[in-house]
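Undergrad: Okay, so the sequence shown: first residue is 130 according to the numbering used here, each after it adds one. This is the structure I want to talk about, given as structure tokens.
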Amino acid sequence: MLEVFLNAKSTEGVVKQMQGYFGGELTERWGEHTLVFDNDIAKGCVRCITFDWGVSLLEIDALFYDDVLLVNANGKSNPIHFSYCSQGYYKNRFENESEFHTVAQFHSSIIVSKTDLKLYTFFPKEIHLILNDICIIRKEFLKKRNNQLSELNENLYRVFVDDKDETAFAYYSPIHLRMEDYVKTLRDLKTEGMARVLHIEGEVYHLLSMHIARHDKYQNNEAIPHALLKNELKIIKRYARKILDDPSISYNLDQISSDSGLSQAKLQEGFKFLFARTVTEYIRHVRLEAARDLMNTTDLNISQIVYTIGFTSRSYFSKIFKEKYGMTPHEFRKQVVVVNMDDEELSI
């Protein structure tokens, strides 16, 4: 087993310390540090970026050829880690615990150590690991004027305001498939320069809010429905992606149940859990979003758009479009035309 001792005060420092163990080349661009390695120890990359108010992002995408134990020994400066496992698994435990807690694929954790209490993180060998970790240095974050800490539940509030690092805290979430979509967006981001940095920062805060909301649900006993298995949620997520990719198909609950092999009750429960919508509400939401995008990007008239996205009644489409966006499709289209004309005038 390879033991990796980490005590740097910054995320960039942590990556530099990892380089000392994993080797590889460390580069920096637009404030984003990337360590790439391919040797007898491991193959993959680690990247990080730091924002204002003590918030940073660390991503690990690697295959280790031996078991790895990260020993986080930050002494009197212990950040909060909001972590999500996209692939593989990892394990955590505090120094004073005898058993590791496993964080499996599509699961998340919130963990922070206390003064002089080491945190151990175990990465298994020969397992492709993809890990997203949002790190918050509390003393810096508390200086943020609009930090909204008063909105947190009691447990998380105590963790955030403990700037003396007197309390260790660990929360391990049930499966959270929806978070993977946002984590994947970060991994696949292609923009450059300032736009990239701002996009990453926005996604990081979105993920942070999802971690906190998930913890609140757990505290309110709203955990994953016991009737749904992990593979069933994956099936539902795949079918939701199919609807998103092709909303024009005439979907109905009977047909989706037959295609997926899941009962209608499980489908409804799964869609509500993953998307906070029933199956019908999700289909309608996807079609309306598609209609809005077509109005923004094509010259199709309203009738053509209605049938392109799978609706059969123009009056029904107009009714639900206004309910969602506060204006009729014609009013929305007029605004799009005005904006496009203004853009053309500015480019002349």
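Each residue gets a CB set at the ideal place from its N, CA and C atoms; glycine is no exception. Please read all numbers here as calculations on a predicted model, not as lab measurements.
Is M470 helix, strand or coil by DSSP?
TA: Unreliable placement is indicated for M470, whose pLDDT of 42 sits below 50; the coordinate value is still reported in the next sentence. If DSSP states are grouped into helix, strand and coil, M470 belongs with the helices.
Undergrad: Please determine, among A171, D375, S387 and Y454, the residue with the shortest C-alpha to C-alpha distance to I256.
TA: Nearest of A171, D375, S387 and Y454 to I256, Cα basis: A171.
Undergrad: Using the C-alpha atoms, what's the distance from R413 back to Q234?
TA: Each residue's Cα considered, the two are about 30 Å apart.
Undergrad: Assuming F298 is part of the alpha helix (DSSP H), what are its boundary residues?
TA: Premise fails: F298 lies in the beta strand (DSSP E), F298 to Y301, not in any alpha helix (DSSP H).
Undergrad: What residue does the alpha helix (DSSP H) around N425 start on, and which one ends it?
TA: Start and end: V408 to T426.
Undergrad: Could you spell out where the beta strand (DSSP E) holding A191 opens and where it closes?
TA: Its beta strand (DSSP E) spans residues V184 to F193.
Undergrad: Keeping to the same chain, check which residues put their C-beta closer than 6 Å to that of F151; ignore five residues upstream and five downstream.
TA: Here the set comprises F166, I170 and A171.
Undergrad: Say whether the stretch 239 to 255 touches the stretch 189 to 198, bearing in mind that this needs 3 or more beta-carbon pairs closer than 8 Å, one atom from each stretch.
TA: Enough Cβ pairs lie closer than 8 Å, so yes.
Undergrad: Can you say whether G439 is buried or exposed, counting buried as having 16 or more other CB atoms within 10 angstroms of its CB?
TA: When all chains shown are included, G439 counts as buried.
Undergrad: From the beta carbon of L258, is the nearest beta carbon of chain B less than 8 Å away?
TA: No chain B is present in this structure, which holds just one protein chain.
Undergrad: Counting Cβ pairs, one atom from each stretch, are 3 or more of them under 8 Å apart for the stretch 321 to 339 and the stretch 156 to 165?
TA: The stretch 321 to 339, when compared against the stretch 156 to 165, does touch it at the 8 Å Cβ threshold.
Undergrad: For V333, does the count of other Cβ atoms within 10 angstroms reach 16, so buried, or fall short, so exposed?
TA: Buried, since its Cβ has 16 or more Cβ neighbours within 10 Å.
Undergrad: What do you reckon, is the C-beta of K366 under 7 Å from a heavy atom of the ligand FMN?
TA: With respect to small molecules bound, the structure shown includes none, and the ligand FMN cannot be examined in it.
Undergrad: How would you write the range of the beta strand (DSSP E) that F251 sits in, first residue to last?
TA: Start and end: L248 to F252.
Undergrad: Check whether the stretch 373 to 383 touches the stretch 429 to 445, taking contact to mean three or more Cβ pairs, one atom from each stretch, closer than 8 Å.
TA: At 8 Å Cβ cutoff, the stretches touch.
Undergrad: Per DSSP, what kind of secondary structure is S476 in: helix, strand or coil?
TA: Because the pLDDT of S476 is 47, which lies under 50, any placement of that residue in the model is unreliable, and the number read from its coordinates should be weighed accordingly. Looking at S476 - three-state DSSP - the assignment turns out to be helix.
Undergrad: Do Y301 and V241 have their CB atoms nearer than 8 Å?
TA: Contact flag unset, no.
Undergrad: Start and end of the beta strand (DSSP E) containing E228?
TA: Run containing E228: none; DSSP gives neither H nor E here.
Undergrad: Shortest alpha-carbon distance to F402 belongs to which of Y218, R421, K359 and K268?
TA: Comparing Cα-Cα distances from F402 to each of Y218, R421, K359 and K268, the minimum goes to K359.
Undergrad: Return the chain-ordered list of same chain residues with a C-beta closer than 6 Å to the C-beta of N261, the five sequence neighbours on each side being excluded.
TA: Around N261: E188, Y213 and V312.
Undergrad: Taking the beta carbon of L318 as the centre, do at least 16 other beta carbons fall within 10 Å, making it buried, or is it exposed?
TA: Exposed is the call here.
Undergrad: Can you have a look at T79 and say buried or exposed, based on whether 16 or more other CB atoms are within 10 angstroms of its CB?
TA: Past the boundaries of the shown model lies residue 79; the chain is included only from 130 to 477, so the question cannot be answered.
Undergrad: Among M130, L192, A202 and G183, whose alpha-carbon lies nearest the alpha-carbon of Q146?
TA: Ranking M130, L192, A202 and G183 by Cα distance to Q146 puts A202 first.
Undergrad: Exposed or buried, G153, counting other C-beta atoms within 10 Å across all chains shown (16 or more means buried)?
TA: Buried is the call here.
Undergrad: Does DSSP put K220 in a helix, in a strand, or in coil?
TA: DSSP places K220 in strand when its eight states are reduced to three.
Undergrad: Can we say the stretch 417 to 433 touches the stretch 387 to 406, given the rule of at least three CB pairs closer than 8 Å?
TA: Short answer: they don't touch.
Undergrad: What is the rounded straight-line gap between the Cα of L367 and the Cα of R267?
TA: This sequence places Arg at residue 367; Leu is not what is there. Cα to Cα, the separation comes out at about 38 Å.
Undergrad: Report the three-state DSSP secondary structure of S242 (helix, strand or coil).
TA: In the structure shown, S242 sits in coil (DSSP, three-state: anything other than H, G, I, E or B).
Undergrad: Alpha carbon to alpha carbon, what distance is there between F404 and G142?
TA: Answer to the nearest angstrom: the Cα atoms are 38 Å apart.
Undergrad: Can you tell me whether T314 is helix, strand or coil according to DSSP?
TA: Helix at T314.
Undergrad: Relative to the C-alpha of H305, which residue among I365, M130 and H459 is closest?
TA: With distances taken between Cα atoms, H305 lies closest to I365.
Undergrad: By the DSSP assignment, the beta strand (DSSP E) with E269 in it spans what residues?
TA: Unbroken run through E269 is the alpha helix (DSSP H), R267 to F270; no beta strand (DSSP E).
Undergrad: Going along the chain, which residues of its own chain have a beta-carbon closer than 6 Å to the beta-carbon of T457, five neighbours each way excluded?
TA: Excluding sequence neighbours, T457 sits near S447 and K451.
Undergrad: Per the DSSP calculation, R325 is bridged to which residue(s)?
TA: None; R325 has no bridge partner.
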